[in-house]
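Following this note's numbering, the numbering of the sequence shown begins with 11 at its first residue and continues without gaps.
Note that CB positions come from ideal geometry on N, CA and C, so glycine has one too.
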Amino acid sequence: MITLDLSLENLYRQYYRCRRNKRNTINALRFEADQERNLIRLREQLLKRTYRPGRSVCFFTTRPKLREIFAADFRDRVVHHLLVDYLERIWEPVFIHDSYACRPGKGVHRGVARLQQFLRQATANGTRRAWYLQLDIRNYFMSMDREILFRLLAARLRDETALWLTRVLVFHDCTSNYLMRGRPDLLAQIPAQKTLFGAGPGKGMPIGNLNSQFFANVYLNALDQFVKHELRCRHYLRYCDDFVLLADSPEQLGDWRGRIEIYLRETLSLELNPRQRLAPAANGVDFLGYIVRRDYLLVRRRVVGHLRERLRDFEQRLVTAVEGGLRYAFDRPVLDELAAVLASYLGHFKVAAAWRLWAALRRRFGFLAQYFAFDPADLRIVRTYPVPAGFLRAREQYAWFRRRYPADVLFFQVGGFCEFYAGEDREVASELGLHPMGRNRRGAAFGFPCTRTDEFLRRLRDRQRPVMLIGETPVDYARIRVRSPVARYAWSGSSAG
């Protein structure tokens, strides 16, 4: 019999797994500040069965659509990891192969690849006609019946502690103890049937918790078994509550749809979304952000639209029109966010026929080239603005920026001055009317007080010379100042703009 491991060693293991992506959140930092005592106290509560979930945080996301999220306290997330790790060992052998959401070794790309394989099999590599039926559950997370869910889970649990903890988490009502964050007015914009506040008694699971994702798979595992063993559908796969069936006739799929609808209503107290797609497989299947065809993938238009919207937002935050040209800001938190967004979308694009799409986006959003280099071979971005590690001296850092921005005038800050080191800077110094600095321990040939930056920017604008402002960071623990870009000015008539 598989038992729930409540050892301190296992709790530490689940704690480290839990904090992997949450370490910088306030709740995680509070927990980490006294982690040993917190874990010992949590273990005692679990052993004595006095544990109760704490306060959740309720907030709203607007992409890809408006949704209500309930995020559990960090302490409760550790417990979710503990229980799900235990339940996975019991349920993974039970789940069908073709369920792809929130499972080890599965995911979006595996699900899409499997659907492509099904399309090839069902159409005999395009030599015969096949049809697909795509369905989803109406308001799935808000419609899950907790009594049914607990009954499904309890049927395979033999450990009494695991059974107790499962009951605690399944029947916990997040709406009884929560903290509202963000914009509370957004709640009024969500239909009542799509929020836990509007779910009926004993209905609904919160979106945003690991255990909810796992429970969702257990709940619809009953449907998976029905489709595979009762309907005997060979080509069926599911991702959360979105599922696809393939057959050689629309009549067969229509019959299956009717039987699925009855099964869901009578067994799981669920309803199909009236919206369905029944079409020839040759049309391609709009699934998980792709248009899936037998031999290639296209990125869904809505995904591209969302990326365009995000890039327009970043462009407004980073690029400012100034007299005679544009100012490109190097705001590190914003650039870190932009890099994460691009990496996410390019990971999605990578498996599709998206090279031309990405090239078109780069042309439209030319500001990206100010911050990133692009590898077209594998749709990857490389940040070009940070100084590589190992450049400790000011002159070394200056030389790196000079190589990186060969056409720009560098305003390189050292204390209260901007200094020039390279021989080719003599021409710029002459244009600005600067005199040699004389003796300088860093070897700077010319310089000027930072207070004159705006004056010299105007002079270089008139001469159409692009300018990169390099700022100075405070001294770090090794007593080293590192410089990084602050802004780049590209004038409208400049060939480097």
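Subject >> Residues of its chain near W501, where Cβ-Cβ distance is below 7 Å and the 5 sequence neighbours each way are ignored >> reply: Taking the sequence shown and counting its residues from 1, one reaches residue 501 at position 491. Here the set comprises G334, G335, R471, Q474, P476 and G507.
**OP:** Could you spell out where the alpha helix (DSSP H) holding Q127 opens and where it closes?
**Re:** On the sequence shown, position 117 is the one that residue 127 refers to. It spans V118 to A132 - the alpha helix (DSSP H) in which Q127 sits, taken as one unbroken run.
**OP:** State the DSSP-derived secondary structure class of M478, mapped to helix, strand or coil.
**Re:** In the sequence shown, counting from the first residue as 1, residue 478 sits at position 468. Correct three-state label for M478: strand.
Original post:
Identify the residues that DSSP records as bridge partners of Y245: which are they?
Top reply: Translated into the one-based positions of the sequence shown, residue 245 becomes position 235. Checking the displayed sequence, the identity of residue 245 turns out to be His instead of Tyr. Paired residues: L256.
Original post:
Roughly how many angstroms separate the alpha carbons of F340 and F224, rounded to a whole number?
Top reply: Your numbering for residue 340 matches position 330 in the sequence shown. Your numbering for residue 224 matches position 214 in the sequence shown. Their Cα atoms are separated by approximately 41 Å.
Subject >> Nonlocal neighbours in the same chain, by C-beta distance under 6 Å from T13, ignoring five residues either side >> reply: Reading the sequence shown from its first residue, position 3 is the one you call residue 13. So the list reads D169, once near-sequence residues are dropped.
Original post:
Apart from the five residues on each side of it in sequence, which residues of its chain come closer than 8 Å, Cβ to Cβ, to P114?
Top reply: Translated into positions along the sequence shown, residue 114 becomes position 104. The answer, listed in chain order, is E98 and E102.
Original post:
Does DSSP put C112 in a helix, in a strand, or in coil?
Top reply: Within the sequence shown, residue 112 is the residue found at index 102, counting from 1. Three-state result, C112: coil.
Subject >> Sequence-distant residues of the same chain with beta carbon closer than 8 Å to Y487, five excluded per side >> reply: In the sequence shown, residue 487 corresponds to position 477, counting from 1. Because Y487 sits at a pLDDT of 49, beneath the cut-off of 50, its placement in the model cannot be relied upon, and the point is left open.
Subject >> Beta-carbon proximity list for P284, same chain, < 6 Å, skipping 5 on both sides >> reply: Translated into positions along the sequence shown, residue 284 becomes position 274. Around P284: no qualifying Cβ.
Subject >> the segment 138-148 contacting the segment 289-298, beta-carbon criterion three pairs below 8 Å >> reply: yes
Subject >> Cβ distance (whole Å) where Y249 is taken to contact Y110 below 8 Å >> reply: Here residue 249 refers to the residue found at position 239 of the sequence shown. Here residue 110 refers to the residue found at position 100 of the sequence shown. Confirmed, about 5 Å.
Original post:
Per DSSP, which one or two residues make a beta bridge with M190?
Top reply: Sequence index remark: in the sequence shown, residue 190 carries index 180 (1-based). In DSSP, M190 forms a bridge with C68.
**OP:** Mind checking who D146 pairs with in its DSSP beta bridge?
**Re:** Within the sequence shown, residue 146 is the residue found at index 136, counting from 1. Its beta-bridge partners are D252.
Original post:
Hey, out of T394, R77 and F427, whose CA is closest to P194's CA?
Top reply: Residue 194 sits at position 184 when you count from the first residue of the sequence shown. If we check each option's Cα against that of P194, R77 comes out closest.
Original post:
Where does R85 sit, in a helix, a strand or coil, going by DSSP?
Top reply: On the sequence shown, position 75 is the one that residue 85 refers to. Correct three-state label for R85: helix.
Original post:
So who's on the other strand from L336, going by DSSP bridges?
Top reply: Walking along the sequence shown from the start, residue 336 turns up at place 326. Answer is A331 and A500, bridged to L336.
Original post:
Can at least three beta-carbon pairs, one atom from the segment 342-358 and one from the segment 300-320, be found at a separation below 8 Å?
Top reply: yes
Original post:
Is Q286 helix, strand or coil by DSSP?
Top reply: The residue given as residue 286 occupies position 276 in the sequence shown. Here Q286 sits in coil by DSSP.
**OP:** May I ask which residues mark the beginning and end of the alpha helix (DSSP H) holding A383?
**Re:** Walking along the sequence shown from the start, residue 383 turns up at place 373. Taken as a continuous stretch (DSSP letters only), A383 belongs to no alpha helix (DSSP H), being part of the beta strand (DSSP E) at F382 to D385.
Original post:
Is the beta carbon of R393 sitting closer than 8 Å to the one on F382?
Top reply: As a working mapping, residue 393 is identified with position 383 in the sequence shown. As a working mapping, residue 382 is identified with position 372 in the sequence shown. Taking 8 Å as the Cβ cut-off, R393 and F382 qualify as a contacting pair.
Original post:
Hey, out of A387, Y415, V424 and P398, whose CA is closest to A404's CA?
Top reply: On the sequence shown, position 394 is the one that residue 404 refers to. It is V424.
Subject >> Cα-Cα separation between E429 and P495, rounded to whole angstroms >> reply: Along the sequence shown, read from residue 1 onward, the residue named residue 429 stands at position 419. Along the sequence shown, read from residue 1 onward, the residue named residue 495 stands at position 485. Each residue's alpha carbon lies about 15 Å from the other.
Original post:
Hey, how far is the Cα of E19 from the Cα of I100?
Top reply: One-based indexing of the sequence shown puts residue 19 at position 9. One-based indexing of the sequence shown puts residue 100 at position 90. Roughly 21 Å separates the two Cα atoms.
Subject >> Start and end residues, beta strand (DSSP E) containing Q508 >> reply: Outside the displayed range of the chain (11 to 507) lies residue 508, so it cannot be described from this structure.
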